[in-house]
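A.B. asks: Sharing a structure, written as structure tokens. Questions coming.
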Amino acid sequence: MLAEIPDGPGDVWSILIAVAAFALLFVLIRLLERV
Amino acid sequence: MTVAGWATIVAFVAVLTATTPLIGAYLERVYTTEGRVDRLAVRIFGQAARREQSWQSYARSVLVFSALFFGLLYLILRTQTLHPWNPTGLGSPPWDLSFNTAASFVTNTNWQYYGGETTMTYFTQMAGLTVQNFVSAAVGIAVAIAVIRGFAAHSGRSLGNFYVDVTKTLLLVLLPVSVIGALFLVSQGLIQTLGDYTTVHTLAGGDQVIARGPVASQEWIKELGTNGGGFFNVNAAHPYENSNTLTNFVLLWSILAIPAGLTLTFGRMVGSKGQGWAVFAAMMTVFVVATAIVYVAESDPTPAMHAAGLTGSNMEGKDVRFGIGSSSLFASVTTVASCGAVNASMESLSGFGGAVPMANMMTGEVIFGGVGSGLYGMLLFVLLAVFLAGLMVGRTPEFLGKKIEAREVKLVALGTLAVPLMVLAASALALAVKYGSQSIFDSGPQGFSESIYAYTSQANNNGSAFAGYTGYVQPDGNNATAYGLTFADLLGGLAMLFGRFVPLVLALAVGGSLAGKRVTPRGPGTMRTDTPTFVVLLIGTVLLVALLTFVPALFLGPIGQGLTDRLF
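Those protein sequence lines, which keep their order, are chains A and B.
Take the first sequence: its letters are residues 0 to 34, numbered as in numbering that gives the first Met the number 0.
Take the second sequence: its letters are residues 0 to 567, numbered as in numbering that gives the first Met the number 0.
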């Protein structure tokens, strides 16, 4: 199934995954302030 | 083994050692003096480049900057049909490969599931990939300088300004050296052209398409910035990327020049050159031993050669121009640094010869490592070594007059273990599910090695590959009929993003924490950290963490293969 995502929806997934990854890194900064 | 092979290795170590203090001094001057470039940074970035930044602010700037370049590179990749300088009419790579490639170049990894000459337009190579070679390297160096400021600060909170540091790195370090370097490579026969691919008639009567392009300018920064992504699929084994033994030697030097120089920049900025040399000595010792092991291993015949009745060295996958010595040196240099460029096939290394590059990466890319990232990664291990020594002798651990307390030790533990955890988790997932097995080419321990090498390389931002593992299939050698292997592309992309930025943020947090500490004068009870004893302790700490984490995986893969005569 993973290999069947066409380019259009795939671009949306790419952007969402990248935004989520960078958002998690911002959360990491906040968490480390409390260490 | 030959005298020439050993002489090449010895000469390389000598040249690198001789240039390290010069580069270290130059870099220190760049970042400790104000000039026109500081004012230029303010004009480019506005108020953001004026203020001093805390570690949190510095880290957020790195993330915003990198995220914007991720988006820009992804856009360039997905719009190739609109590009100028597209001589073979290439279409855009699929979305999943584009995700992986954007993550790869933004994180200074340059993992390549694609072949450059059959996938990327000249415009992508120049405006997308080469630009990232500069930018991602500049980010790494800037962060290292910020972390050094934390170690050097006397009760301050600021780590400097990211935008000023990155502008200085680009304009005063990477760009000028790269112009000279690219011109040198052109003088040695590397090509630099926007002309079409050319067709030649072979002696056998057939036709052969020769791929060309703006290679020299990409080649130099690819090594200097420890990026490693080749213009061509075979990377620096291609004569247009690496034309002779002189270019091979100089390119090898350029890979380690900045990571080595930064150790002395650190020493100078913290006011203890001896401390810088101690870090350099630890890195150099591990590097020399690793190189010698690869050279010895590759000088013996492999089981496949025994089976075929052949004797001599393992020349499979190696270029006769470079031979065993320079190929072994390259394999070691490119994996102690997080470069990943190759001049020979990693997959063709013998069992033990292949274990060393993998083990080099498994140390967390701190043996010289990537530009900037190698030093700030090693400084985390320095603090860990100081902490362990403090436990052993019953003293409060301190480094450069600053007490290492619970907060720093927690951050260091996270910083040194985060990437190994990612490697093991991603490798286990890829080996356990059917989507992961689609990417593996060989069977047995070789196939296992391909898989764990892939995620070790990506999470540690190296980029070299055991050639068999794939995330992209090109049935007709062009983008029109090609498709990505989504699982491998996404898992690898995320491994690269988190493998780059999690340790980076943690190193900045350590720098920020140390910046606020007062410096206490050295007393009779202070443990020296610039002595050979500490160098041994530091090496032991680095190797112990890597061994405890990865030995089972190494035995299942390359060591298992090296201990048997079976063919895989």
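Positions of the beta carbon are idealized from the N, C-alpha and C atoms, including for glycine.
To the nearest angstrom, report how far apart A/Met0 and B/Lys516 are at their CA atoms.
C.D. replies: At A/Met0, the pLDDT of 47 sits below 50, so the modelled position is not reliable and the matter cannot be decided from this model.
A.B. asks: Leaving out five residues on either side along the sequence, give the residues of the same chain with a beta carbon under 6 Å from the beta carbon of B/Tyr73.
C.D. replies: Closer than 6 Å at the Cβ level, and outside the excluded window around B/Tyr73, lie Ser97, Ala101.
A.B. asks: Between which two residues does the alpha helix (DSSP H) carrying B/His305 extend?
C.D. replies: 302–306
A.B. asks: Mind checking if A/Leu27 is an interface residue toward chain B, Cβ cutoff 8 Å exclusive?
C.D. replies: yes
A.B. asks: If we cut at 8 Å on Cβ distances, does A/Leu24 have a partner in chain B?
C.D. replies: yes
A.B. asks: Look up B/Phe398 in the DSSP assignment and give the residues it is bridged to.
C.D. replies: B/Lys401
A.B. asks: So B/Thr117 is in the alpha helix (DSSP H); what residue range does that whole segment cover?
C.D. replies: Counting along the chain, the unbroken alpha helix (DSSP H) around B/Thr117 starts and ends at 115–118.
A.B. asks: Can the beta-carbon of A/Leu27 be found closer than 8 Å to that of B/Val501?
C.D. replies: yes
A.B. asks: Find the residues of chain A that neighbour B/Ala508, judging by a C-beta separation of less than 7 Å, and give them in chain order.
C.D. replies: Leu31
A.B. asks: Counting only Cβ pairs nearer than 7 Å, list the residues of chain A close to B/Trp94.
C.D. replies: Taking a Cβ-Cβ threshold of 7 Å, the residues of chain A close to B/Trp94 are Asp6, Gly9, Asp10, Ser13, in chain order.
A.B. asks: Output yes or no for whether 8 Å exceeds the beta carbon distance between B/Tyr452 and B/Ala425.
C.D. replies: no
A.B. asks: Go to B/Gln207, then tell me how far its beta strand (DSSP E) extends in each direction, as first and last residue.
C.D. replies: 206–209
A.B. asks: Is B/Phe465 near the ligand GDP, going by C-beta to nearest heavy atom under 7 Å?
C.D. replies: As presented, the structure is devoid of all ligands, the ligand GDP included, so that no description of it is given.
A.B. asks: Residues of the region 496–521 of chain B with a CB closer than 8 Å to any CB of chain A: list them in chain order, please.
C.D. replies: Leu496, Phe497, Phe500, Val501, Val504, Leu505, Ala508
A.B. asks: Hey, how far is the Cα of B/Val2 from the Cα of B/Thr118?
C.D. replies: 41 Å
A.B. asks: Between B/Gly483 and the rest of its own chain, which residues show a CB-CB distance below 7 Å, the 5 nearest in sequence each way excluded?
C.D. replies: Cβ within range, chain order: Pro93, Asp95, Leu96, Gly470, Tyr471.
A.B. asks: Could you check whether the Cβ of B/Leu374 sits closer than 8 Å to any Cβ belonging to chain A?
C.D. replies: Under the Cβ criterion of 8 Å, B/Leu374 is not counted among the residues facing chain A.
A.B. asks: B/Leu62 versus chain A: which residues are under 7 Å apart at the beta carbon?
C.D. replies: Phe21, Leu24, Phe25
A.B. asks: Which ranges would you report for the alpha helix (DSSP H) in the region 249–329 of chain B if only whole runs of at least 4 residues count?
C.D. replies: Within the region 249–329 of chain B, the complete alpha helix (DSSP H) segments at least 4 residues long are 272–297, 302–306, listed from N- to C-terminus.
A.B. asks: What residues in the region 465–496 of chain B have a beta carbon less than 9 Å from any beta carbon of chain A?
C.D. replies: Listed by position, the residues of the region 465–496 of chain B near chain A (Cβ gap below 9 Å) are Tyr482, Gly483, Leu484, Thr485, Phe486, Leu489, Gly492, Leu493, Leu496.
A.B. asks: Distance cutoff 8 Å, beta carbons only. Does B/Ser637 sit that close to anything in chain A?
C.D. replies: Only positions 0 to 567 of chain B appear in the structure, and residue 637 of chain B is not among them; the question remains open.
A.B. asks: Should B/Asn132 and B/Gln79 be called a contact, given that it needs their Cβ atoms to be closer than 8 Å?
C.D. replies: Going by beta carbons, B/Asn132 and B/Gln79 fall outside the 8 Å limit.
A.B. asks: Below 7 Å between beta carbons is the criterion; list the residues of the region 389–415 of chain B that meet it against any residue of chain A, in chain order.
C.D. replies: Answer set for the region 389–415 of chain B: Arg406, Lys409, Leu410.
A.B. asks: Whose Cβ in chain A lies nearer than 7 Å to the Cβ of B/Phe386?
C.D. replies: From the beta-carbon of B/Phe386, no residue of chain A is found nearer than 7 Å; the closest lies around 15 Å away.
A.B. asks: Counting only C-beta atoms, is B/Ala126 closer than 8 Å to chain A at any point?
C.D. replies: no
A.B. asks: Mapping DSSP to helix, strand and coil, what is B/Tyr239?
C.D. replies: Three-state DSSP puts B/Tyr239 in coil, outside helix and strand.
A.B. asks: Do we get a CB-CB distance below 8 Å when we pair B/Arg59 with the residues of chain A?
C.D. replies: yes
A.B. asks: Using DSSP bridges, identify the partner residues of B/Val213.
C.D. replies: Per the sequence shown, the amino acid found at residue 213 of chain B is Pro instead of Val. B/Gln191.
A.B. asks: B/Thr262: which of B/Tyr25, B/Tyr468, B/Met0, B/Gly522 sits nearest, CA to CA?
C.D. replies: Checking every option, the nearest Cα to that of B/Thr262 belongs to B/Tyr25.
A.B. asks: Is there a Cβ from chain A that is less than 8 Å from the Cβ of B/Tyr113?
C.D. replies: no
A.B. asks: I believe B/Thr244 touches B/Ser325 by the beta-carbon criterion, under 8 Å. Please report the beta-carbon distance rounded to the nearest angstrom.
C.D. replies: About 7 Å separates the two Cβ atoms, so the contact holds.
A.B. asks: Between the beta-carbon of B/Phe265 and the beta-carbon of B/Gly275, is there less than 8 Å?
C.D. replies: yes
A.B. asks: Can you give the Cα-Cα distance for B/Asp564 and B/Ala277, rounded to whole angstroms?
C.D. replies: 41 Å
A.B. asks: Among the candidates B/Leu379, B/Ser327, B/Leu542, B/Ala152, whose CA atom is the shortest distance from the CA of B/Ala569?
C.D. replies: Any property of residue 569 of chain B remains undetermined from this structure, which presents chain B solely from 0 to 567.
A.B. asks: Could one say the Cβ of B/Thr69 lies closer than 8 Å to chain A's Cβ atoms, at least one of them?
C.D. replies: The sequence given here places Phe at residue 69 of chain B; Thr does not occur at that position. At least one chain A Cβ lies under 8 Å of B/Phe69.
A.B. asks: What residue range does the alpha helix (DSSP H) around B/Thr16 cover?
C.D. replies: Counting along the chain, the alpha helix (DSSP H) containing B/Thr16 begins and ends at 2–31.
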